[in-house]
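What follows is a set of notes on a single structure, which appears directly below.
Residue numbers (the numbering used here), protein chains in the order written: chain A, 1 to 387; chain B, 1 to 387.
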C-alpha cells in the first residue's frame, strides 16, 4: 500500500471497494437479531437469486468461499459417496481435497492446467468411475489459470448420468454468465470479495430443490455449515449463528449499485475488460498462459517474456506504480503473472495499468513491441464498448 | 460522479482526497479551544512554513483562497494606496478587483493570456504608474491559463522599486518551487484544496517582517480577516473565530504524508507529471494554449483540434470514462480544456486518462496521431521519473 493508499488492487479478489460501500462498512454495528438486519438479509437474498439465476434458495454464510464449498460437500454427501471432481487448476483440486476429507470416494477428472475441461472427457470419467457416481463438482471460472469452463455443457453431461451437480462459481458470478436453474446446477457457491466488490467474509450457497433432496439424506457431520438449519433461520430474517452484519449491509448496497442496470450490463463490462486485456497482451507480443477460446473475463494469466521473472514484473509494478497483480499459485508459482479485471475497475484504471506494464517490461529489457501498442489495442476495445 | 464514486478529478483543485485524509475528515469533531486542536494548529503552521519557504509567520484562515487574497489587501493597504497588479489571467485580474473594492488606485500590468508576465514590462509599469507605487500583487501559478510566472524575477523588479510584494501562490504551492524569504515576497497566499490534497475551506497567509510593518500602518477596514489579531490568537494555539477544526486536522495528516520525503520530492513529482502531459499533447498533435517556456506543472491548458468543442471533449470523458477536466474560464470559455496534474495523482491514473482522451478525440473525428502515441510519450517521461 503506498503512502496515499491509492494502490490499485488488480488481484482476483478482494477487489477494490468503492466509496459508497466503504462508507457502509464504517457505520455503527447493528443487531443481528433486529428488523434492520432482517430487511438487509432479505434484500441480499433477492439480489443473489438474480446473480445465481435461480428461483431456489440462496443461503448467506459467514465464511470465505472455501467454507461455502465445504458446506456444499458436507451437507450433500455421505462418507463413501462417489464424486467426480473436475480439476483444471487450484480450485478444481480443492473440491477433491474437501470431498476426500469427508470420506468420499473421489475420482478426479484432471485436465492440463491452462485448458478447459472437455465435456466428452468428463463423460468418459463418469462412465469409468469405480462405483455409480453420486455427484460431480466443478469450477465455473478457474482463478488460478484464468480459464472459464464450458460449465453449461459439463453440467449437461453430469446430469445425463443422474449426478448431483455442485459448482464453484465464486470468481465467475456477476463477471460471466451463470444460469443455475437453466443449466441444471444443484448447489452453487459464490463469495463476497469477487465481482460483488465488498470485502471477503461472506459465502453464498444456492441450493435447488434437487439439492435439498440430496441434503436431506446425507450423513456427513457438519454443525457450523448446517444448511437446512440455516434455511429455517433465514426465513425468520436471521442467521443460525452470529451474522457478519456489516458485510451483509455492504452487500445490500453493492447489489443495489451493481444490479441497477441489470445483470447483463455487469457481464458486458467484464467481457469488454477481459477482451481489452487480451488484446493488449497480443499487441505487446506476450503469450496468454491459457487457451484463449476459454479465456476468463475475470482474470488473465500471462506468461512473461523469455528471461523475465513474473514476480519481478509484479514487484516493479507495485513499487514504482502502486499496482498490484497476482502471481502464479501451486505449480504455476514463478511461471505466470495474473491481471484481474474483476469488479469495479474503470477503463482509465486498466489502460493506465497497461501503460505502466509496458514501462516495466521495457525497462526489464523486453522491447519487442512499439511503445503504446498494448494500450492502444485495449483502448480500441474499451472505446467501442463505451460508445 | 459515477455510480461507484470512482470519478477521477483532474481539475486544478479540489484535487482527489486520499483515504488517509478522508478518514480524518470523518472523525468526530473536536473543540477549537482545546489542546488537541492547538497541537494540530502548531504542526500545520510548521509544515506550511516549509511549504512557503519562510521563517516568517503563516496564518491559517477559515475561507477559500480568495478570502486569503482579500486578507492580504485589506490588511496591508489603505484606500488611495497605489498598487500595480500583474494580470496574466483570471486570478491576476482578481487582485485588481479586490484592490479596487478597497479603494486602492490600481494600475494593472496586463499581459496576453497564455503568456507569462515579463519583468521588463513590470518595471515599465512601475515607472509609469501615476503615483509612487506602494505594492505589487501578482500570481505565481496562473490556473486559468496554465502559466507559471517568473515570480522570482518579478519580485526582484518590484522590490527594486521599494514596493511591498504580495503573491497569490494558491495553486503553485508544493507543486512548483516557491521560496518566499529568498525571493523577497512580503505576503503570500495559499489554499487547502490544491497540492495539499485536502478539501477547500482553508487559506494560508504568510507574512514577512516587512509585511507586518505595512500591515501596522494600513487603514482599510477588515474584521474577519484581521491578521494581527489572528497572529496573537495563533500564539495561544487558537484562531480568532471558530476554526475549521476538521480541515486543520486533515491538513496536519496531509502535510505529514506529503513532506515525509521532503519538499523537493513533491515538486519533482509535479514536474514529471506536467512534462508527461505536455509530451502527450505534442505526440497527439494538439497545441498547448500557453507558452511552453512558462508551462505550469499543476495544470495544462490545451486547444482542441480544429472543429472540436472542448466542452464536448470534457463531457464525453466524464460520461464515458468518469474523468473530470476543467474548461476555460472567462474569455477562454469554450476555447480550451484543462487537465490538472495537481496533488496525489498516480502515473497510472494520468496514463489511463490520456488513453481515454485519445479514444474521445478519435471518436470525435480527430485522428491525426497514431493510436497510443500520446500515452507512449507520457509513459516515456513517467517511466524515467520513476526509475
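Cβ coordinates follow ideal geometry from the N, Cα and C atoms, glycine included.
Predicted model only: the values in this text are computed from it and were never measured.
Per DSSP, what kind of secondary structure is residue i in: helix, strand or coil?
{"i": "residue 110 of chain B", "result": "strand"}
{"i": "residue 245 of chain B", "result": "helix"}
{"i": "residue 287 of chain A", "result": "strand"}
{"i": "residue 26 of chain B", "result": "coil"}
{"i": "residue 160 of chain B", "result": "helix"}
{"i": "residue 215 of chain A", "result": "helix"}
{"i": "residue 225 of chain A", "result": "coil"}
{"i": "residue 315 of chain A", "result": "helix"}
{"i": "residue 346 of chain A", "result": "coil"}
{"i": "residue 405 of chain B", "result": "This structure cannot settle anything about residue 405 of chain B, because the visible part of chain B is limited to 1 through 387."}
{"i": "residue 235 of chain A", "result": "coil"}
{"i": "residue 251 of chain B", "result": "helix"}
{"i": "residue 131 of chain A", "result": "coil"}
{"i": "residue 17 of chain A", "result": "coil"}
{"i": "residue 116 of chain A", "result": "coil"}
{"i": "residue 295 of chain A", "result": "strand"}
{"i": "residue 354 of chain A", "result": "helix"}
{"i": "residue 155 of chain A", "result": "helix"}
{"i": "residue 332 of chain B", "result": "helix"}
{"i": "residue 361 of chain A", "result": "helix"}
{"i": "residue 382 of chain B", "result": "helix"}
Would a check of beta-carbon distances place residue i closer than 8 Å to chain A?
{"i": "residue 174 of chain B", "result": "no"}
{"i": "residue 4 of chain B", "result": "yes"}
{"i": "residue 367 of chain B", "result": "no"}
{"i": "residue 272 of chain B", "result": "no"}
{"i": "residue 63 of chain B", "result": "no"}
{"i": "residue 193 of chain B", "result": "no"}
{"i": "residue 387 of chain B", "result": "yes"}
{"i": "residue 380 of chain B", "result": "yes"}
{"i": "residue 38 of chain B", "result": "no"}
{"i": "residue 151 of chain B", "result": "no"}
May I ask which residues mark the beginning and end of the alpha helix (DSSP H) holding residue i?
{"i": "residue 204 of chain A", "result": "Where residue 204 of chain A is concerned, there is no enclosing alpha helix (DSSP H), although the beta strand (DSSP E) it sits in stretches over 202-207."}
{"i": "residue 127 of chain B", "result": "119-128"}
{"i": "residue 37 of chain A", "result": "35-52"}
{"i": "residue 179 of chain A", "result": "Residue 179 of chain A -> no alpha helix (DSSP H), and no H or E assigned at all."}
{"i": "residue 80 of chain A", "result": "It is not in any alpha helix (DSSP H) - residue 80 of chain A carries neither H nor E in the DSSP assignment."}
Distance check for residue j and residue i, CA to CA, integer angstroms please.
{"i": "residue 349 of chain A", "j": "residue 235 of chain B", "result": "46 Å"}
{"i": "residue 50 of chain A", "j": "residue 336 of chain A", "result": "34 Å"}
{"i": "residue 233 of chain B", "j": "residue 227 of chain B", "result": "10 Å"}
{"i": "residue 60 of chain B", "j": "residue 151 of chain B", "result": "23 Å"}
{"i": "residue 26 of chain A", "j": "residue 143 of chain B", "result": "36 Å"}
{"i": "residue 352 of chain A", "j": "residue 357 of chain B", "result": "12 Å"}
{"i": "residue 289 of chain A", "j": "residue 8 of chain B", "result": "33 Å"}
{"i": "residue 256 of chain B", "j": "residue 47 of chain B", "result": "8 Å"}
{"i": "residue 263 of chain A", "j": "residue 114 of chain B", "result": "49 Å"}
{"i": "residue 71 of chain B", "j": "residue 188 of chain B", "result": "10 Å"}
{"i": "residue 141 of chain B", "j": "residue 95 of chain B", "result": "14 Å"}
{"i": "residue 20 of chain A", "j": "residue 2 of chain B", "result": "11 Å"}
{"i": "residue 276 of chain B", "j": "residue 73 of chain B", "result": "37 Å"}
{"i": "residue 247 of chain A", "j": "residue 199 of chain A", "result": "7 Å"}
{"i": "residue 92 of chain A", "j": "residue 130 of chain A", "result": "20 Å"}
{"i": "residue 238 of chain B", "j": "residue 34 of chain B", "result": "8 Å"}
{"i": "residue 338 of chain A", "j": "residue 387 of chain A", "result": "28 Å"}
Where does the unbroken beta strand (DSSP E) through residue i begin, and where does it stop?
{"i": "residue 322 of chain B", "result": "Segment: none, residue 322 of chain B is in no beta strand (DSSP E) and carries neither H nor E."}
{"i": "residue 97 of chain B", "result": "Taken as a continuous stretch (DSSP letters only), residue 97 of chain B belongs to no beta strand (DSSP E), being part of the alpha helix (DSSP H) at 90-101."}
{"i": "residue 60 of chain B", "result": "57-62"}
Against chain B, does residue i count as a neighbour if the rule is that its beta carbon must be under 8 Å from one of theirs?
{"i": "residue 27 of chain A", "result": "no"}
{"i": "residue 252 of chain A", "result": "no"}
{"i": "residue 268 of chain A", "result": "no"}
{"i": "residue 324 of chain A", "result": "no"}
{"i": "residue 9 of chain A", "result": "no"}
From the DSSP output, which residues share a beta bridge with residue i?
{"i": "residue 8 of chain A", "result": "A:323"}
{"i": "residue 168 of chain A", "result": "A:139 and A:189"}
{"i": "residue 337 of chain A", "result": "A:302 and A:327"}
{"i": "residue 377 of chain A", "result": "Answer is none; residue 377 of chain A lacks a bridge partner."}
{"i": "residue 85 of chain B", "result": "B:108 and B:137"}
{"i": "residue 281 of chain B", "result": "Answer is none; residue 281 of chain B lacks a bridge partner."}
{"i": "residue 308 of chain A", "result": "Partner(s): none; residue 308 of chain A has no beta bridge."}
Chain C beta carbons: is any one of them nearer than 8 Å to that of residue i?
{"i": "residue 375 of chain B", "result": "Any reference to chain C falls outside this structure, whose protein chains are A and B."}
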